[in-house]
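A.B. asks:
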Amino acid sequence: MPGNKQMNKFIFDFNEKSEDYVTPVKTGIIRPNHMVRQQPLGLPQVSEVSLVRHFTNLSRKNFGVDNGFYPLGSCTMKYNPKINEKIASLKDFTEPHPLMDEDLIQGHLEMLYEMEQFLKEISGMAGITFQPSAGAHGEITGIILIKAFHNHHKDIDRKKIIVPDSSHGTNPATASIAGFEVVEIKSNPEGLVDLTELEKVLDDQVAALMLTNPNTLGLFEKHILKISKMVHDVGGLLYYDGANLNPLFGRVKIADMGFDVVHFNLHKSFSTPHGGGGPGAGPVGVNKKIMSFLPVPLIKKKDDRYTFDYNVRHSIGKMRSFYGNFNVILKSYFYILSLGLEGLRSVSEKAILNANYLKNQLSRLLELPYKNHCMHEFVLSGKTLNQWGLHTIDLAKRLIDYGYHPPTVYFPLIVDEAIMIEPTETESKETLDTFARDLERILKEAKSDPDKLKKAPHSTPVGRLDEVTAARQPIVTYDEYKDQLRTSNLEPRT
Amino acid sequence: MEIKDSLLYTPSHEWLKKENGSGIVGITDYAQNQLGDIVFIEMPEVGKTYAKGESFGSIESVKAVSDLYAPVDFEVVQVNDTLSSSPELVNKDPYGQGWMLKIKIKDDSQVNQLLKSEDYKKSISS
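Protein chains in written order, with our numbering: chain E, 10 to 503; chain R, 936 to 1061.
1) Would you report the Cα separation of phenylalanine 404 of chain E and lysine 1057 of chain R, rounded to the nearest angstrom?
2) Please confirm if the segment 284 to 303 of chain E is in contact with the segment 142 to 151 of chain E, defined as three or more CB-CB distances below 8 angstroms between the two stretches.
3) Determine, for arginine 473 of chain E, whether the minimum Cβ-Cβ distance to residues of chain R falls below 8 angstroms.
4) Against valine 477 of chain E, what residues of chain R qualify as contacts under a CB-to-CB distance less than 7 angstroms, listed in chain order?
5) So the candidates are E/Asp442, E/Ala216, E/Gly178; which of them puts its Cα closest to the Cα of histidine 161 of chain E?
6) State yes or no: is the C-beta of threonine 433 of chain E within less than 8 angstroms of the C-beta of glutamate 111 of chain E?
7) Please list the partners that alanine 480 of chain E has in chain R, where partner means a Cβ-to-Cβ separation under 7 angstroms.
8) Closest to valine 305 of chain E by CA distance: which of E/Ser324, E/Leu60, E/Asp312 is it?
9) Taking leucine 422 of chain E as the query, report the chain R residues whose CB atoms sit under 7 angstroms from its CB, ordered along the chain.
10) Please state the DSSP three-state secondary structure of asparagine 197 of chain E.
11) List the residues that DSSP assigns as beta-bridge partners of methionine 219 of chain E.
12) Any beta carbon from chain R within less than 8 angstroms of tyrosine 344 of chain E's own beta carbon?
13) Please name the residues in the segment 407 to 433 of chain E whose beta-carbon is closer than 7 angstroms to at least one beta-carbon of chain R, in chain order.
14) Does the pairing of the segment 326 to 343 of chain E with the segment 395 to 413 of chain E give three or more beta-carbon distances under 8 angstroms?
15) Rounding to the nearest angstrom, what Cα-Cα distance links arginine 69 of chain E and proline 483 of chain E in this structure?
16) At the 8 angstroms Cβ level, is isoleucine 959 of chain R part of the contact set with chain A, yes or no?
17) Return the first residue and the last residue of the alpha helix (DSSP H) that proline 459 of chain E is part of.
18) Is the segment 334 to 344 of chain E touching the segment 65 to 82 of chain E, taking contact as three or more C-beta pairs under 8 angstroms?
19) Going by DSSP, what residues sit across from methionine 429 of chain E in a beta bridge?
20) Is tyrosine 965 of chain R helix, strand or coil when you go by DSSP?
21) Please classify serine 497 of chain E as buried or exposed, where buried requires at least 16 neighbouring CB atoms within 10 angstroms.
22) Out of curiosity, what's the CA-to-CA distance linking glycine 992 of chain R and lysine 1051 of chain R?
23) Would you call arginine 5 of chain E buried or exposed, if buried means 16 or more other Cβ atoms sit within 10 Å of its Cβ?
24) On the DSSP letters alone, give me the boundaries of the alpha helix (DSSP H) that isoleucine 171 of chain E sits inside.
25) Please list, in chain order, all residues of the same chain as phenylalanine 268 of chain E whose beta carbon is under 6 angstroms from its beta carbon, the five residues on each side excluded.
26) CB phenylalanine 102 of chain E to CB asparagine 336 of chain E, shorter than 8 angstroms?
27) I need the straight-line Cα distance from asparagine 365 of chain E to leucine 211 of chain E, nearest angstrom please.
28) Buried or exposed for isoleucine 165 of chain E, please, with buried defined as at least 16 other CB atoms from any protein chain shown within 10 angstroms of its CB.
29) Are the beta-carbon atoms belonging to isoleucine 308 of chain E and valine 270 of chain E less than 8 angstroms from one another?
30) Is glutamate 449 of chain E buried or exposed, if buried means 16 or more other CB atoms sit within 10 Å of its CB?
31) How would you write the range of the alpha helix (DSSP H) that threonine 496 of chain E sits in, first residue to last?
32) Quick check on this structure: which residue in E/Lys262, E/Lys18, E/Val424, E/Gly188 has the alpha carbon closest to the alpha carbon of arginine 62 of chain E?
33) Just to confirm the assignment, what range does the beta strand (DSSP E) spanning tyrosine 949 of chain R have?
34) I think phenylalanine 273 of chain E touches leucine 128 of chain E, with their Cβ atoms under 8 angstroms apart; what is that distance to the nearest whole Å?
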């Protein structure tokens, strides 16, 4: 039986013949003879108890926000309140089928309608689509909307999308996939959009500027009103990447900063499980001028009845089947309801306070390249590790041994040896202090015993992974793994 | 960090070796060191033309993906195909086996605008 430090064997490697043991309860359905499969399906041969142990042991090796501090910058790994799960697992929500008649799902439509009102209130936008499945899907939806808007106005020469050099990688990727040319602009010494650089690239070919505010350095773009005026003056639109929305609740409305389109990461800002813990949801909000392009269907309320509205004049069509990740939207809806306006305001306040507190603690230990007050996250540099022949990656790996999920590293690209930390509002001062103390201990180890970091992690089933070979010669299927076993001296798992 | 006196450089860390009207392009030792282990390089097709400063490809390491920028206006004459199966050559030998393109230089006057080794050295130490 593998302990926490050993690898599990693969489920396909079990060979437990069913005649050898007793299965407590046999379940099954009775099928007509002609529908019974003649050849076995090739499923793993495993007893019920071995199966339970297999997955239980795997789950013990998992790391989530329920195991420990998870300060993964830009990902907002806040605690996911358990009551959200409880509500979302009620059979009233899990059993309805998306093809059911509107009359039978009035409550569900009401929830979507109300959630739309909440997101409009929070962002100041005029319309919302719930279709996108996650953040990047929201981004592509938003940029397709912008393209549709320009095309509709016969403004077809707008082929450029501007992104700052600190932007999330999904921004230029989205622009490229949507057929635009990406123009990157350098940040200024403060880490903000450089207005002179922006001025240089603005012309009548600009379709949009994509921005997240606060930006990926955790800094608020204080010239945002000027920036939005500059972009609008040449006929471009402003796209808001909602990944960094957490510090703005009840304080800044996205529409008031001049943005035309926004995607929300419900799984980040509104507390639903993500990062392998569950699917995301990336609703998109738009202002009045883009309303008529939204995907269908929207939810309409007339008197006390809710209906699907497929009548959207210039709709871009559908971005996925049905109505988005309903249960994720439901959990976020409940999160907003349970906190209320004051609660949401305090989410943002505590997120900012926690980040600044931890930033001040850690800036005594590591270099802080941009020194202004941060919003919900901040970026340090691990350059000081270089003197002992170490890098940020070594520090990150050693944090695993101390029971933390490592922060985001080597992003944003404009900071050398970057470490990006986002504590979120749900962490206590005690947790932050302990993290700072542990980081201090690791830096002492770096000096006295650099190998300890170089070879970390030590507490996991496998130590330092060979990222280079994994990228150059990935083994991604069980069959490839089997081939590898035959041809190399790889140890089989037992 | 090796910087060769015989080459010309861009602030975005490409090098150019000039031979009559043609040239060879790669990335510098400093650049490969900053990127870390390179796992994938996207190269242009032979015959394509690029304007100075335009992205002609991209390079991916375990840490990041970066664009490769044209040092001058050029046409692609030959591509180092070995890099598709052995991108690590750029790490091992950035000025030799890790070369990326052979090019036809379109505008000789742009060559004079590139950085000399001394200036490039200054630009990366600042």
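Built from N, CA and C at the ideal position, the CB exists for glycine as well. Since the model is a prediction, treat every value here as computed from it, not as a measurement.
C.D. replies: Result, derived from the coordinates:
1) One point to set straight first is that residue 404 of chain E is leucine, not phenylalanine, in the sequence displayed. Distance between the alpha carbons of leucine 404 of chain E and lysine 1057 of chain R is about 30 angstroms.
2) In short, these stretches touch, since the Cβ pair count reaches three.
3) Arginine 473 of chain E does not count as touching chain R.
4) Below the 7 angstroms Cβ cutoff, chain R contributes Asp972, Val974, Val997 as neighbours of valine 477 of chain E, in chain order.
5) Closest by alpha carbon: E/Ala216.
6) Against a cut-off of 8 angstroms, the Cβ pair of glutamate 111 of chain E and threonine 433 of chain E comes out as no contact.
7) What alanine 480 of chain E touches in chain R: Val974, Val997.
8) Comparing Cα positions, the closest option is E/Ser324.
9) Those are Ala999, listed as they occur along chain R.
10) Secondary structure at asparagine 197 of chain E: coil, using DSSP grouped into helix, strand and coil.
11) DSSP, once it has assigned bridges, lists E/Tyr248 as partnering methionine 219 of chain E.
12) Contact with chain R is absent for tyrosine 344 of chain E, since none of that chain's Cβ atoms lies less than 8 angstroms from the residue's Cβ.
13) Listed in sequence order: Tyr419, Leu422.
14) These segments do not touch.
15) If you take the alpha carbons of arginine 69 of chain E and proline 483 of chain E, they lie about 25 angstroms apart.
16) Protein chains in the displayed structure are E and R, and chain A is not among them.
17) 459 to 463 is the span of the alpha helix (DSSP H), which, as asked, contains proline 459 of chain E.
18) As far as the Cβ criterion goes, the segment 334 to 344 of chain E does not touch the segment 65 to 82 of chain E, which means the pair count is below three.
19) In DSSP, methionine 429 of chain E forms a bridge with E/Val388, E/Thr417.
20) The answer is helix: DSSP assigns tyrosine 965 of chain R an H, G or I state.
21) So serine 497 of chain E ends up on the exposed side.
22) One Cα belongs to glycine 992 of chain R, the other to lysine 1051 of chain R, and the distance between them is close to 24 angstroms.
23) Shown here, chain E extends from 10 to 503; a query on residue 5 of chain E therefore has no answer.
24) Careful: isoleucine 171 of chain E lies outside any alpha helix (DSSP H), inside the beta strand (DSSP E) at 169 to 173.
25) Cβ neighbours of phenylalanine 268 of chain E beyond the five flanking positions: Leu247, Tyr249.
26) Between phenylalanine 102 of chain E and asparagine 336 of chain E, the CB-CB gap stays under 8 angstroms.
27) Asparagine 365 of chain E and leucine 211 of chain E: Cα-Cα distance of roughly 34 angstroms.
28) Looking at its Cβ environment, which holds fewer than 16 other Cβ atoms inside 10 Å, isoleucine 165 of chain E is exposed.
29) Judged by their CB atoms, isoleucine 308 of chain E and valine 270 of chain E are not nearer to each other than the 8 angstroms cut-off.
30) Exposed: under 16 other Cβ atoms inside 10 Å.
31) First-last of the alpha helix (DSSP H) with threonine 496 of chain E: 487 to 496.
32) Of the candidates E/Lys262, E/Lys18, E/Val424, E/Gly188, E/Lys18 places its Cα closest to the Cα of arginine 62 of chain E.
33) Residue 949 of chain R is actually glutamate in this sequence, not tyrosine. In the DSSP annotation of this structure, the continuous segment of the beta strand (DSSP E) that includes glutamate 949 of chain R starts and ends at 949 to 954.
34) Contact holds; Cβ gap of about 6 angstroms.
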